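**Student:** Numbering (the numbering used here), first residue to last: 303 to 467.
Glycine is no exception: its CB is placed at the ideal position from the N, C-alpha and C atoms.
None of these values were measured; they are calculated from a predicted model.
Dumping the structure here so I can ask a few things about it.
Okay, structure coming up:
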């Protein structure tokens, strides 16, 4: 469903979906980060990196914030966020089960969590800081976006017991 809603949003803005150049809107390291997951032999890393970090933290906070901005640029993002929330809940349930059954996976998960925490800080305080500032100034995200994203990370990773204090 969310792919259809993204397409509708692009078309509402008067842009053709087919032939639309998505490249200028991609975060610089997204291909590198997804390649890391694609080539990983560790299913725990993929579960944490893709479902819980990329979708459960980064995408969910963006969808939540942009959906509530009321801007026509973010067509039905609140609806997409509600839909994606179910996927993240499922990922948390799967991760809880996998980690409870395998102490070695639990240890690896803690290490992956540390890596993604550092990655998040690199985004929030480095690569994306200027873009986040622009989005705050434009009213697309709240002034506490960075703090809320950190809290969302702690919430998601805490639910599966891999957040070190």
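CB-CB under 8 Å to residue 354, same chain, minus the five flanking residues each way: which ones, in chain order?
**Tutor:** In the chain shown, residue 354 corresponds to position 52, counting from 1. Excluding sequence neighbours, residue 354 sits near 390, 393, 394, 397, 458, 459 and 462.
**Student:** Is the separation between the beta-carbon of residue 452 and that of residue 367 shorter than 9 Å?
**Tutor:** Position 150 of the chain shown holds residue 452. Position 65 of the chain shown holds residue 367. Contact flag unset, no.
**Student:** So, at 6 Å on beta carbons, what are the nonlocal neighbours of residue 408 in its own chain, with the 5 sequence-adjacent residues on each side left out?
**Tutor:** Residue numbering aside, residue 408 sits at position 106 when the chain shown is read from its first letter. Hits under 6 Å: 401.
**Student:** Would residue 321 be called buried (16 or more neighbouring beta carbons within 10 Å of its own) or exposed?
**Tutor:** Stepping through the chain shown from its first residue, residue 321 is reached at position 19. Exposed.
**Student:** Considering Cα atoms alone, identify which of 466, 444 and 464 is closest to residue 363.
**Tutor:** Position 61 of the chain shown holds residue 363. That would be 444, whose Cα lies nearest to the Cα of residue 363.
**Student:** To the nearest whole angstrom, what separates the beta carbons of residue 369 and residue 383, a pair I think is in contact under 8 Å?
**Tutor:** Counting from 1 along the chain shown, the entry for residue 369 is found at position 67. Counting from 1 along the chain shown, the entry for residue 383 is found at position 81. Their Cβ separation, rounded to whole angstroms, is 5 Å, which keeps residue 369 and residue 383 in contact under 8 Å.
**Student:** Does DSSP put residue 404 in a helix, a strand or coil?
**Tutor:** For the purposes of this step, residue 404 is identified with residue 102 of the chain shown, where counting begins at 1. Residue state, collapsed to three classes: coil.
**Student:** Give every residue of the same chain whose Cβ lies closer than 6 Å to the Cβ of residue 437, excluding the five residues on either side of it in the sequence, and list them in chain order.
**Tutor:** Translated into the one-based positions of the chain shown, residue 437 becomes position 135. The answer, listed in chain order, is 443.
**Student:** Might you give, ordered along the chain, the residues of its own chain that have their beta carbon closer than 6 Å to the beta carbon of residue 422, omitting 5 neighbours on each side?
**Tutor:** Translated into positions along the chain shown, residue 422 becomes position 120. Cβ neighbours of residue 422 beyond the five flanking positions: 455.
**Student:** Closest to residue 441 by C-alpha separation, out of 376, 323, 316 and 352, would be which residue?
**Tutor:** What you label residue 441 is simply residue 139 of the chain shown in a count that begins at 1. Selected option, being the one with the closest Cα: 376.
**Student:** In the DSSP assignment, the alpha helix (DSSP H) including residue 457 goes from what residue to what residue?
**Tutor:** Taking the chain shown and counting its residues from 1, one reaches residue 457 at position 155. Looking at the DSSP string, the run of the alpha helix (DSSP H) that includes residue 457 is 447 to 461.
**Student:** If you drop the 5 nearest sequence neighbours on each side, which residues of the same chain put their C-beta closer than 6 Å to that of residue 359?
**Tutor:** In the chain shown, the residue the question calls residue 359 occupies position 57. Excluding residues within five positions, the ones whose Cβ falls inside 6 Å are 454, 455 and 458.
**Student:** Would you give the residue range spanned by the alpha helix (DSSP H) that residue 356 belongs to?
**Tutor:** The residue labelled residue 356 in the question sits at position 54 within the chain shown. Premise fails: residue 356 is in no alpha helix (DSSP H) and is neither H nor E.
**Student:** Whose CA, out of 432, 378 and 374, lies closest to the CA of residue 306?
**Tutor:** Here residue 306 is taken as the residue at index 4 of the chain shown, counted from 1. Out of 432, 378 and 374, 378 has the C-alpha closest to the C-alpha of residue 306.
**Student:** With H, G and I counted as helix, E and B as strand and the rest as coil, what does DSSP make of residue 312?
**Tutor:** To locate residue 312, count along the chain shown from 1; it is residue 10. DSSP places residue 312 in helix when its eight states are reduced to three.
**Student:** Using the rule of at least 16 other Cβ atoms within 10 Å of the residue's Cβ for burial, across every protein chain shown, is residue 310 buried or exposed?
**Tutor:** As a first step, residue 310 is located in the chain shown; it is residue number 8 there, counting from the start. With fewer than 16 Cβ atoms within 10 Å of its Cβ, residue 310 is classed as exposed.
**Student:** In terms of alpha-carbon separation, which member of 346, 312, 341 and 343 lies closest to residue 374?
**Tutor:** Here residue 374 refers to the residue found at position 72 of the chain shown. Out of 346, 312, 341 and 343, 312 has the C-alpha closest to the C-alpha of residue 374.
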